[in-house]
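A.B. asks:
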Amino acid sequence: MYLGIDIGGSTIKYAHVNADLKVVKEWTIDTFEVTSAKAFYDALVEEMGDLSGIKEIAISAPGVIADDSTVTSIAAAKVAIMFETNVNEEVSKRTNMRVTTVNDAKAAGYAEYSMGAARGTKSSIAYIIGTGIGGSLIYNGEIINGIDGYGGELSRTPIMMADGSIKVGAQLCSASGLIYQYNERANADVKSAREVFDKFHADDPVAIEVMNAWVNYIVIALVQLVSVFNPDVICIGGGVTQDDSLVPRIQAVFDHYSALVFGQPACTTRLVRCEFLTNSNLLGAVLKAHETE
Numbered sequence: 001m002y003l004g005i006d007i008g009g010s011t012i013k014y015a016h017v018n019a020d021l022k023v024v025k026e027w028t029i030d031t032f033e034v035t036s037a038k039a040f041y042d043a044l045v046e047e048m049g050d051l052s053g054i055k056e057i058a059i060s061a062p063g064v065i066a067d068d069s070t071v072t073s074i075a076a077a078k079v080a081i082m083f084e085t086n087v088n089e090e091v092s093k094r095t096n097m098r099v100t101t102v103n104d105a106k107a108a109g110y111a112e113y114s115m116g117a118a119r120g121t122k123s124s125i126a127y128i129i130g131t132g133i134g135g136s137l138i139y140n141g142e143i144i145n146g147i148d149g150y151g152g153e154l155s156r157t158p159i160m161m162a163d164g165s166i167k168v169g170a171q172l173c174s175a176s177g178l179i180y181q182y183n184e185r186a187n188a189d190v191k192s193a194r195e196v197f198d199k200f201h202a203d204d205p206v207a208i209e210v211m212n213a214w215v216n217y218i219v220i221a222l223v224q225l226v227s228v229f230n231p232d233v234i235c236i237g238g239g240v241t242q243d244d245s246l247v248p249r250i251q252a253v254f255d256h257y258s259a260l261v262f263g264q265p266a267c268t269t270r271l272v273r274c275e276f277l278t279n280s281n282l283l284g285a286v287l288k289a290h291e292t293e
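Using this note's numbering, you'd call the opening residue of the sequence shown number 1 and step up by one each time.
#1: Rounded to a whole number of angstroms, what is the C-alpha to C-alpha distance between M315 and S176?
#2: Per DSSP, which residues does A259 bridge with? Please list them.
#3: Where do the N-terminal and C-terminal ends of the beta strand (DSSP E) with R270 fall, by residue?
#4: May I have a chain-ordered list of the alpha helix (DSSP H) segments no shorter than 4 residues that lie completely inside the region 157-198?
#5: Return the chain-ordered list of same chain residues with a C-beta closer than 7 angstroms to the C-beta of K106, the five sequence neighbours on each side being excluded.
#6: Counting only the same chain and skipping the five closest in sequence on each side, list residues whose C-beta sits under 6 angstroms from that of A37.
#7: Tell me whether K25 sits in a helix, a strand or coil according to DSSP, three-state version.
#8: Reducing DSSP to helix, strand and coil, say where T95 ends up.
#9: Buried or exposed, going by whether 16 or more other CB atoms sit within 10 Å of the CB of D163?
#10: From the DSSP output, in three-state form, read off G141 for me.
#11: Per DSSP, what kind of secondary structure is G284 in: helix, strand or coil?
#12: So, at 6 angstroms on beta carbons, what are the nonlocal neighbours of E90 in its own chain, with the 5 sequence-adjacent residues on each side left out?
#13: For the candidate residues V228, N216, S227 and V240, whose alpha-carbon lies nearest to that of V253?
#14: By alpha-carbon positions, which one of N279, N145 and L178 ends up nearest to T72?
#15: For N103, which residues does DSSP report across the bridge?
#16: So which of G116, K25, Y257 and V99 has the shortest CA-CA distance to F277?
#17: Can the beta-carbon of S123 be found closer than 8 angstroms to that of F262?
#18: Pull up the distance between the alpha-carbon of V24 and that of A221, whole angstroms please.
#19: Please report the distance separating the alpha-carbon of G141 from that of T269.
#20: Going by the beta-carbon positions, is the gap between A58 and Y2 smaller than 8 angstroms?
#21: Does I29 pass the burial test, meaning 16 or more other C-beta atoms within 10 Å, or should it be called exposed?
#22: Just curious, the beta strand (DSSP E) that L3 is in, first and last residue?
#23: Less than 8 angstroms between the C-beta atoms of G53 and V286, yes or no?
#24: Output the boundary residues of the alpha helix (DSSP H) element that contains K38.
#25: When you compare each of A188, D104, D203 and V190 to I12 by their alpha carbons, which one comes out closest?
#26: To the nearest whole angstrom, what separates the beta carbons of T31 and K78, a pair I think is in contact under 8 angstroms?
#27: Helix, strand or coil: how does DSSP classify S114 here?
#28: Kindly say whether V215, judged by its beta-carbon, lies nearer than 8 angstroms to any beta-carbon of chain B.
#29: What does a CB cutoff of less than 6 angstroms around I97 pick up in its chain, not counting 5 residues either side in sequence?
#30: Short check: CB of S165 to CB of G132, under 8 angstroms?
#31: Quick check on P231: buried or exposed, where buried means 16 or more other Cβ atoms within 10 Å of its Cβ?
As structure tokens, then:
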């Protein structure tokens with residue numbers, strides 16, 4: 001039995017996962033608000049409960065994760081305390097167990113590659129639309145991290161604006177970016193992407209304008225990724241993809257732009273919705289732990 005842990009900026013999910021990669025028990029808590037890394041890891045381990053019967057701990061965590069599991073970037077506010085800590089060492093010394101840590105979006109992408117929408121492919125990208133943009137690049141079964149860990153950090157995909165300024169995917173392509181763009185354009189105060197989608201489906205003209213621009217930003221990022229990597233498939237995930245209209249809209253605009261950019265031969269990279277709506281981060285981390293035993 002594995003203990004999988006998905007550390008997020010708002011919540012932390014724990015799960016017991018068996019050898020068949022089935023979740024047999026799971027529980028979720030609010031992410032701790034603490035003032036030191038020691039207090040954070042003490043609380044993380046305390047919430048694990050009884051570890052008898054657990055053979056290994058597999059963790060997915062936000063931010064850039066170095067090969068030795070050191071967190072080398074600052075993520076959400078509540079988990080910023082993890083910056084420059086070595087996750088494997090901190091958890092292992094408190095539990096005396098083997099620990100594996102993977103970036104959360106890369107873990108999600110690996111779950112899709114191994115047992116989800118990208119299974120059976122040689123190369124894939126996961127493009128996860130959330131508060132920011134998460135991602136992973138996978139080739140021949142290996143997650144591409146790059147020399148500094150920025151491989152697959154798709155939140156940093158640059159897009160030049162009409163005024164010559166440069167913004168990145170996290171600002172323009174994320175669910176929070178959609179909310180910001182709508183509020184700025186409509187002088188409104190919507191709190192969720194769902195509200196913007198509802199207004200779009202109700203033919204709100206501002207929502208239509210903003211949604212079209214938002215989808216264009218996403219497609220510009222995807223076309224850049226294809227021009228560099230040209231994977232078999234791009235798996236698009238995140239809560240916003242539960243709206244069944246989104247991925248087809250992205251596909252239609254992607255077909256238009258890819259024809260303009262690539263010409264002949266035609267780009268055959270497929271766009272699909274991620275199969276996992278929940279637990280992909282956690283299962284991907286367990287998969288990596290299982291394979292590195």
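We put the CB at the ideal spot given by N, CA and C, even for glycine.
C.D. replies: Looking at the coordinates:
#1: Since the first residue shown for the chain is 1 and the last is 293, residue 315 is missing from the structure and cannot be characterised.
#2: Numbered from 1 along the sequence shown, position 259 holds the residue referred to as residue 259. Paired residues: none, contrary to the question.
#3: Position 270 of the sequence shown holds residue 270. Element bounds for R270: R270 to R273.
#4: 169-172 and 175-186
#5: On the sequence shown, residue 106 is found 106 positions in, with the first residue counted as 1. Correct list, in chain order: S136, I143 and G152.
#6: By one-based count along the sequence shown, residue 37 stands at place 37. Within the same chain, A37 has close Cβ partners I81 and T85.
#7: Your numbering for residue 25 matches position 25 in the sequence shown. Of the three classes helix, strand and coil, the one that applies to K25 here is strand, per DSSP.
#8: Stepping through the sequence shown from its first residue, residue 95 is reached at position 95. Reduced to three states, the DSSP call for T95 is helix.
#9: The residue given as residue 163 occupies position 163 in the sequence shown. That one is exposed.
#10: Your numbering for residue 141 matches position 141 in the sequence shown. Reduced to three states, the DSSP call for G141 is coil.
#11: Here residue 284 refers to the residue found at position 284 when the sequence shown is read from its first residue. Here G284 sits in helix by DSSP.
#12: Walking along the sequence shown from the start, residue 90 turns up at place 90. Only Y41 meet the Cβ criterion.
#13: Locating residue 253 in the sequence shown gives position 253, counting from the first residue. Checking every option, the nearest Cα to that of V253 belongs to N216.
#14: Taking the sequence shown and counting its residues from 1, the one referred to as residue 72 is at position 72. Of the listed residues, the one whose Cα sits closest to T72 is N145.
#15: For the purposes of this step, residue 103 is taken as residue 103 along the sequence shown, with counting starting at 1. Answer by DSSP bridge pairing, in chain order: A61.
#16: In the sequence shown, residue 277 corresponds to position 277, counting from 1. With the sequence shown as reference, residue 277 is identified as Leu, and Phe is not the correct amino acid for it. Checked all of G116, K25, Y257 and V99; the closest Cα to L277 is G116.
#17: Within the sequence shown, residue 123 is the residue found at index 123, counting from 1. Within the sequence shown, residue 262 is the residue found at index 262, counting from 1. No, they are not a contact pair.
#18: The residue you call residue 24 lines up with position 24 of the sequence shown. The residue you call residue 221 lines up with position 221 of the sequence shown. For V24 and A221, the distance between alpha carbons rounds to 38 angstroms.
#19: If you number the sequence shown from 1, residue 141 lands on position 141. If you number the sequence shown from 1, residue 269 lands on position 269. Near 17 angstroms, if we compare the C-alpha coordinates of T269 and G141.
#20: Here residue 58 refers to the residue found at position 58 when the sequence shown is read from its first residue. Here residue 2 refers to the residue found at position 2 when the sequence shown is read from its first residue. Contact flag set, yes.
#21: Numbered from 1 along the sequence shown, position 29 holds the residue referred to as residue 29. I29 is exposed by the Cβ-count criterion.
#22: Indexing the sequence shown from 1 puts residue 3 at position 3. Here the beta strand (DSSP E) through L3 covers Y2 to I7.
#23: Working through the sequence shown from its first residue, we reach residue 53 at position 53. Working through the sequence shown from its first residue, we reach residue 286 at position 286. Contact: no.
#24: Walking along the sequence shown from the start, residue 38 turns up at place 38. Element bounds for K38: A37 to E46.
#25: As a first step, residue 12 must be located in the sequence shown, where it is residue number 12. Nearest of A188, D104, D203 and V190 to I12, Cα basis: D104.
#26: Reading the sequence shown from its first residue, position 31 is the one you call residue 31. Reading the sequence shown from its first residue, position 78 is the one you call residue 78. With 8 angstroms as the limit, T31 and K78 qualify as a contact, their Cβ atoms being about 4 angstroms apart.
#27: By 1-based counting over the sequence shown, the position of residue 114 is 114. Looking at S114 - three-state DSSP - the assignment turns out to be helix.
#28: No chain B is present in this structure, which holds just one protein chain.
#29: Numbered from 1 along the sequence shown, position 97 holds the residue referred to as residue 97. Here residue 97 is Met; the residue named in the question, Ile, does not match the sequence. Here the set comprises I57.
#30: Within the sequence shown, numbered from 1, the residue matching residue 165 stands at position 165. Within the sequence shown, numbered from 1, the residue matching residue 132 stands at position 132. No. Outside cutoff.
#31: As a first step, residue 231 is located in the sequence shown; it is residue number 231 there, counting from the start. By the 10 Å Cβ count, P231 comes out buried.
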